Each structure stands twice: as structure tokens, then as C-alpha cells.
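Right, one structure below, let's go through it.
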Amino acid sequence: MASEQLGKAAAQQRKHWDRKWIPYVLLAPALVTIFVIILSPLATTIYYSFSNIDLIRDRTTFVGIDNYVELFGSRLFWKAVEVNLKFAAIVVTVPTLTGLFFALLLVENFKGRSIGRTLLILPWALPWIVVGLLWNWVVNAQFGALNGLLYTLGLIDKYIPFMADEDWALVFTAMASAWRQTSFSAILLLAALQTIPEDLYDAAKVDGAGMRARFRFITFAWLRPTLTIVLLYNVVLGFLQFDAVWIMTQGGPGDATMLISVLLYRYTFINFDLGMGAAVSNVLGLITMGVGLIFVRLIYRSHTTYA
Amino acid sequence: MRNRRSISRRQFLQTAGAGLASLALAGAPASRLLAQGDTLQFYGWDFQPDTIRQHLDNYTAQSGTSVDLHIIPNVGYSTGLQTKILGGVHMDVYYNFKYNSTRFFNAGWARRMDDLPDADAVMGEMFASSVPSYTTPEGQLISMPYFSAVHVLHYNERLLSASGFDAPPETKQDLYDQCKKLKEDGVEAPYLAYWIKEFCEEYLQVYLLSEGVTPFSPEGEPAFADDSRTADVFEWWQAMFQDGMTSPTQLTDQPGEQMTAMQNGTSAFYVLHHYFLKLMNSGGGPEVDHLRIAGRMPGSDGKTFQMGEVVQMSDGPNVDKSWDLVKFYTWKDANGERSVHKSWAAAAALGAPYPDFYDDPEVQANYGAYYDFDQIKDMFANNSDVVQARNQPWYSEFQTHVGDEIQRMLQGNLAPADAVTSLADKVVELREQYS
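Line by line, the protein sequences give chains A and B. Position one of the first sequence corresponds to residue 1 (our numbering), numbered consecutively onward. Position one of the second sequence corresponds to residue 308 (our numbering), numbered consecutively onward.
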């Protein structure tokens with residue numbers, strides 16, 4: 001009898017232990033993964049940004065805010081911030097608008113729609129390095145497709161060396177990024193458009209809503225969550241783009257396309273100054289997060305206005 | 308009906324945990340074995356990996372020592388190599404960029420080789436001008452030649468002749484004047500310079516040496532700053548760019564675009580490594596038959612810059628075998644043949660810092676009839692220099708600074724004299740920082 005009671009108590013205790021700890025055990029793999037993949041590198045990067053790291057002697061010295069002081073005192077950094085803001089403005093605006101245009105076009109029923117949808121995916125399937133090489137040829141001053149087109153149309157009488165001009169160089173590196181990103185934006189928006197129930201439009205028509213009103217209060221309102229994601233992706237790309245720009249200009253001519261990410265690459269992988277690289281990385285992360293949050297706030301603030 | 312055995316949540320977690328633990332335990336000794344085995348570990352970048360594999364297979368056939376090949380992409384190679392070494396990966400023999408060779412040696416990742424058998428013979432066979440490229444200022448051999456090249460002035464003989472010039476330019480002023488005439492005669496962008504940021508520093512060496520300027524002291528001090536001819540070179544560069552003697556896109560153009568301009572005759576001069584003549588000829592084009600290499604760089608001294616990348620080896624239990632492989636790869640095989648260098652000559656006209664290499668009929672056939680081998684040999688032997696400061700640990704940081712400042716200067720945003728000061732200040736700052 002006593003042993004039966006003891007057994008019952010033990011089983012209850014085990015059940016209690018299970019209730020208390022099993023959730024943690026089940027969460028553990030996810031938490032460990034998040035810690036290893038996100039939190040630990042983040043903490044390391046923050047720590048490195050306050051350190052001077054000597055890779056050769058395998059020695060790390062704490063230097064306080066010295067790296068940030070050097071960074072904020074550098075002419076190149078402020079130039080990179082200025083260039084990056086202009087670059088991001090193009091990379092956020094162009095793919096979002098053109099992506100929306102293509103999505104609205106390809107959601108309609110017309111002959112050749114499936115070919116159009118296939119073509120839409122193609123740029124997205126290209127690696128960034130290939131995009132950079134491709135656009136280098138497009139804007140080439142001697143035999144570039146763009147010059148050829150403008151010349152054939154009679155719009156120019158002499159080929160233009162686009163990449164020699166600081167403003168054009170920035171525009172075309174941004175356009176190369178925007179071109180591929182348009183594809184991605186359009187795919188997301190197209191997927192969202194396909195989920196809008198036709199009944200909503202029918203009901204709106206019955207209520208006398210015109211085309212503009214239907215777009216504003218049904219299409220745009222329905223797309224708002226997807227649009228937020230698209231904008232966020234484009235903001236992230238606008239500040240973190242590196243590959244295509246590096247291939248096309250390496251930050252030149254002069255400092256015309258010196259993005260913060262190019263500066264980060266140079267500090268980290270050419271100079272092997274991991275402390276400065278980490279500082280740039282943290283500042284870049286904060287800028288990206290800040291701009292991203294502004295967009296989210298703006299979209300959701302306008303949401304309450306419409307609701 | 309099948310008898311299904313149920314498994315409790317606890318059993319599942321226990322089994323999974325045990326499985327993961329055994330996997331982790333099994334992984335650790337495997338990586339240690341990799342370092343301790345008899346098989347040599349060879350690391351290289353991704354230029355013709357199949358050819359590298361072929362070389363290593365040939366070595367195995369000759370020596371009986373097997374070699375594992377690990378390829379790291381060229382872009383990010385230094386980073387990849389250092390990350391692996393710091394992570395405890397053992398590599399016996401590896402490609403390295405020359406500017407990293409002293410850094411790796413100082414860190415203990417590369418071994419000196421001058422105390423190993425045949426080292427004296429290796430150095431003795433090299434062009435005397437090449438030896439400092441592979442040694443420390445104290446004369447320790449710390450790397451061996453993967454390939455060598457000299458910067459040369461390529462020119463289009465037909466275009467020059469059509470504009471009334473029967474010889475390539477001898478001085479900077481000659482080059483400017485010839486470009487001006489060629490431009491008047493319709494050659495769009497007579498002079499091509501590989502002025503992308505990453506490459507400006509190599510050009511700096513070429514033009515300083517051509518004017519007889521000593522770029523750096525043996526200790527790595529910026530000797531160029533004390534020579535007024537440095538500012539002259541910069542002023543000339545600026546004039547060439549701003550007066551339209553070059554294509555305005557030179558600050559971002561890649562060799563592919565530049566070679567096309569030479570192959571099509573829209574440009575008449577191109578300064579880059581000697582093997583570009585083979586690349587241009589292989590690519591074809593209406594003007595390739597008229598492309599030549601000038602015997603000297605335009606400048607008061609006429610010298611040029613000798614460059615190349617290297618192979619290094621680490622210390623450890625495999626030193627003898629590693630050295631044997633290094634010799635095979637960068638000097639001679641067991642039959643006394645420079646088979647690896649010959650193969651690179653066939654692939655891309657890459658050079659080697661050994662005089663006899665250019666006398667070899669097989670090398671000459673592989674290079675192409677358009678090369679004058681006496682001329683190339685003379686350039687290596689008498690008309691070129693290496694810059695030992697490029698092996699210093701601070702050098703890569705200086706290189707990025709040169710790219711920024713030279714491009715600013717070419718665009719007219721920095722005076723040539725200020726550019727000289729800025730470069731010199733950077734060297735002083737970096738030397739102090741790294742001391």
C-alpha cells in the first residue's frame with residue numbers, strides 16, 4: 001500500500017516536472033539556434049566595435065569608443081552616408097512602383113500573361129554579381145546597349161560615357177539593383193493581388209465606386225501588409241547592397257558610389273580592421289533599422305486614416 | 308496489422324540528444340586527423356582549378372605523396388585563408404597574395420625556406436631583380452613564385468604609323484604628344500590605364516620606377532615623397548585624364564572593356580601585365596595583328612614594375628614533403644622541368660622569374676609568335692624592379708588609400724602635390740600603427 005502511494009507520488013512529481021520543464025526543453029532548439037545564429041554574432045560585433053583586433057597576434061584590446069570617434073571623424077564615412085541615402089532613395093522607390101505596375105499588369109487576363117510572368121522572374125534568378133556585370137555592359141560607353149538604343153532612336157549623336165559622370169554612375173548602380181529588385185517586389189505584390197476577392201470589387205461597383213476609389217479602398221488597402229514587406233525589403237537592399245556596386249564601380253569614380261557597405265567591406269576584408277568594420281556594421285544596421293521603422297510607421301499611420 | 312511501438316516524448320528527446328552528441332564527438336577527431344595525415348593539404352584560388360588538380364596529380368605520380376586540393380574563391384581569398392588558419396585548419400602549402408607574405412610569415416603561418424635543401428639553387432636561378440620579391444629585408448626566403456609578370460606598354464603599331472610615328476614613345480611627354488596627335492586623327496581614347504581603385508597602386512609603382520623614383524626605402528619609408536618627380540608623374544596623369552587622352556570611364560573600366568578597345572583600334576596604348584598581349588590575341592579583333600610591346604616604359608629611366616603572386620608553406624611534421632611540393636610547383640619537377648610554370652604559360656602567358664624559362668621552345672610556342680622573348684627577358688633581368696615594401700603587413704591598407712586619392716586627383720578634386728603628401732602621411736601613419 002505504502003509502495004503504491006510512493007509510486008503515485010513519484011508519478012505526480014514527474015508530471016509536475018514535465019509540465020514545468022518540457023516547454024523549455026521544446027523551445028531550447030529554437031532558442032539555441034537564435035542564440036548561435038543571431039544573438040551571439042550580434043553581441044560579438046558590438047564587442048568588436050569597441051576593440052582593436054590584431055588577427056596576426058590573435059590579440060584583442062578594448063579601445064572604448066575610439067573606433068566610432070575615428071569613423072564619425074572620417075570624411076569618407078559622411079560621404080558614404082550621403083551617397084547611400086541617395087542610392088537607397090532610388091532602390092526603395094523604383095522597384096516598389098515598377099513592381100506594383102507589373103503586378104497590376106500581370107494580374108489581368110490577357111494573351112501572353114504566362115510568358116510575362118515567366119519573364120518577370122528572370123532578373124530575380126540572376127546572382128547579384130551577374131547583375132553588376134550585365135549592367136556594366138548595358139551602360140558601356142563604347143558598345144553599351146543603352147547607348148546603342150539612344151543612338152538608334154536619334155536621341156544622341158555620340159555615345160555617352162555614363163560611368164564617367166558621378167551622378168550617372170550613382171543612378172545606374174542604383175538602377176542595376178532596382179532592376180533585379182523590381183522582379184522580387186512584383187512577385188510578392190502579384191501574389192497578394194491574386195488573393196483579393198472579386199466580390200469586393202463587384203460590391204464597390206454597385207455602391208458606385210469609380211476606378212480610383214476601387215484602387216484606393218480595395219486594392220491598395222488589401223496590399224498594405226505586403227507593401228510594407230516589399231518596402232522593408234527594398235530599404236534593407238538600399239542600405240545593404242554591395243555586390244553589384246562593387247562589380248560595377250568599386251565605389252568610384254572618385255567617391256560617387258561609395259556606399260556604407262563598400263566602406264564596411266574595405267575595412268573588414270581589405271584592411272582586416274575588424275574593429276572598424278564592426279563599428280561600420282553597427283552604424284549601418286542602426287540606419288537600416290531606423291529607416292525601415294519610419295516606413296512601417298508611415299504605412300500604418302496612413303492605414304488608420306483610411307480605416 | 309503491424310505492431311507499432313510507441314515512443315514517448317522523453318525517449319524521443321533523449322535519443323535525439325544522444326545522436327547529436329555523438330555526431331559532435333565524431334566530428335572533432337575527424338578534423339584533427341585531417342591535419343595529421345600523410346596527405347598534404349594544398350589551398351589555392353579559383354584560377355583554372357582543373358589545371359591545379361592536374362599539377363597535383365602529376366606531383367603525386369612523381370613523388371607518391373597524395374595531395375588534397377582546397378579551392379577558395381579569388382574574391383575574399385585572403386579572408387578565407389586567414390579565417391581557416393585562425394580556426395585551426397592546417398594547410399601545408401598555399402597560394403598567397405604577395406602583399407600578405409610577410410604578414411603570414413610574421414604570424415608564424417608561413418615558414419622560411421632558405422634553410423631547406425636546394426633553396427640556394429632556387430634563388431640562384433632567379434633573375435637577381437626578382438629575388439627581393441620572395442625574401443624579407445634580412446634575406447630569408449619566405450615565398451616562392453606562383454607566377455611573375457612585368458608591366459609593359461602595349462601599342463598599336465599601325466595606328467602610330469598612320470599618325471606619323473615610327474616608334475613608341477620614350478618619355479611621358481612623347482606619350483602625351485602621340486596621344487594628342489592620335490586623337491586628332493580620330494583615335495577616340497588613345498591611352499588606356501587600369502585606374503580602378505584597386506589597381507591604382509600598381510600603376511603608381513610602374514610610373515615611379517619608369518621615372519627613376521625609388522618608391523620606398525628598404526625599411527618601407529615613403530621615399531617617393533622626397534622626390535619631386537613623383538608630383539610630376541601625378542601632374543602628367545591628371546593631364547592625360549582631364550585633357551581627354553584616355554576614355555573618361557577609365558576609373559571604373561575593367562580589362563575586358565579595355566582589351567576590346569585595343570582589339571578594335573579605338574585605343575592605341577595600354578599599360579598592363581605582359582600576358583595581356585596573349586589575351587588580346589586570343590580574343591581576336593581587327594587590330595590584334597598590329598599590337599606590340601614597347602621595349603621600355605616611357606620615362607626618363609624606362610624601368611617597369613615586376614609583380615606576381617606567391618606560394619607559401621607552413622611549418623609542421625610535413626615540412627620535407629611540403630617543400631618538395633613547393634619546389635615542384637614553383638621551381639622544377641623531378642625531371643628538372645619547369646612543368647607547372649610551362650603549363651601556366653600555355654594557359655595565359657603567365658611568366659616565371661627564371662631566365663631559362665623564356666628560352667624554352669615550348670614556352671615560346673605557347674606564348675605566341677607575337678612576343679619578343681629577348682625583350683621580355685631583358686625587362687625581367689635589367690629593366691624592372693620589385694618593390695619590397697609591398698610585402699609589408701600594412702601595405703593592403705595603403706593600397707586602398709592610393710585608390711581613393713589617385714581617383715580624387717584624376718578628377719581634379721585633389722592637387723597632385725597634395726596627393727603626394729596624403730600618400731606619404733598614410734604610409735607614416737600605417738607604419739606607426741603596425742609597429
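Ideal placement from N, C-alpha and C gives every residue a C-beta, glycine not left out. As the structure is a computational prediction, the values presented were derived from the model and not from experiment.
For V540 of chain B, which residues from the same chain have a beta carbon less than 7 Å from its beta carbon, with the 5 sequence-adjacent residues on both sides left out?
Y514, L515 and E518
Buried or exposed: which applies to K15 of chain A, given that a residue is buried once 16 or more other Cβ atoms fall within 10 Å of its Cβ?
exposed
Looking at the unbroken alpha helix (DSSP H) that takes in H362 of chain B, where does it start and where does it end?
P356 to S370
Go through its chain and collect everything with a Cβ distance to L284 of chain A's Cβ below 8 Å, but skip five positions before and after it.
F239, L240, I260, S261 and L264
Less than 6 Å between C-beta atoms, sequence neighbours within five positions excluded: which residues of the same chain meet that for V291 of chain A?
V235
Residues near F184 of chain A by beta carbon distance below 6 Å, same chain, minus five either side:
W124
Please decide whether I449 of chain B counts as near chain A, where near means a Cβ-Cβ distance under 8 Å.
no
In the DSSP assignment, the beta strand (DSSP E) including Q613 of chain B goes from what residue to what residue?
T611 to M620
Counting only runs of 3+ residues fully inside the segment 53-93 of chain A, write out the beta strand (DSSP E) ranges in chain order.
59-62
CB-CB length for A279 of chain A against Y68 of chain A, believed under 8 Å
5 Å
With DSSP as the reference, label M547 of chain B as helix, strand or coil.
helix
Alpha carbon to alpha carbon, what distance is there between Y300 of chain A and A186 of chain A?
21 Å
For the segment 167-197 of chain A, list every residue whose C-beta sits within 8 Å of some C-beta in chain B, in sequence order.
A169
Interface residues of chain A around K733 of chain B at Cβ under 7 Å?
Under the 7 Å cutoff, chain A gives no residues; its nearest Cβ is about 12 Å from K733 of chain B.
I'd like to know whether the C-beta of Q718 of chain B is nearer than 8 Å to at least one C-beta of chain A.
yes
Where does G295 of chain B fall in DSSP's three states?
The requested residue 295 of chain B is not part of the displayed model; chain B covers only 308 to 742.
Of all the beta strand (DSSP E) runs that stay within the bounds of the segment 260-285 of chain A, which reach a length of 3 or more residues?
none
Rounded C-alpha distance that separates V735 of chain B from D692 of chain B
23 Å
So what does V578 of chain B bridge to, in DSSP terms?
B:L460 and B:A500
Mind pulling the chain B residues with CB within less than 9 Å of T61 of chain A?
What T61 of chain A touches in chain B: nothing, since even the nearest Cβ is about 13 Å away.
Strictly under 8 Å for the Cβ-Cβ distance: is K504 of chain B near chain A by that measure?
yes
What three-state label does DSSP hand H397 of chain B in the structure shown?
coil
With 16 other CB atoms within 10 Å as the buried threshold, where does Y24 of chain A fall?
exposed
Neighbour list for G383 of chain B in chain A, Cβ cutoff strictly below 7 Å:
F269
Write down every uninterrupted run of the alpha helix (DSSP H) in the segment 206-238 of chain A whose length is 4 residues or greater and which is fully enclosed by it, in chain order.
211-214
Taking just the CA atoms, how far does W17 of chain A sit from L31 of chain A?
20 Å
For chain A, find out if any of its Cβ atoms is closer than 8 Å to the Cβ of P380 of chain B; answer yes or no.
no
Closer than 8 Å, CB to CB, is M163 of chain A near chain B or not?
yes
Tell me the rounded alpha-carbon separation between G371 of chain B and A426 of chain B.
22 Å
Reduced DSSP category for L126 of chain A - H, G, I as helix; E, B as strand; rest coil:
coil
Between the alpha carbons of L286 of chain A and N52 of chain A, how many angstroms are there, rounded?
21 Å
When B:G623, B:E669 and B:K488 are compared against E644 of chain B, the one with the closest alpha-carbon:
B:E669
For H708 of chain B, I'd like the list of residues in its chain whose CB is within less than 6 Å of its CB, leaving aside the five on either flank, ordered along the chain.
K733
T442 of chain B versus S450 of chain B: straight-line alpha-carbon distance, rounded:
7 Å
From the beta carbon of N67 of chain A, is the nearest beta carbon of chain B less than 8 Å away?
no
Could you list which residues in chain B have their beta carbon closer than 9 Å to that of T249 of chain A, in chain order?
I503, K504, L558 and T559
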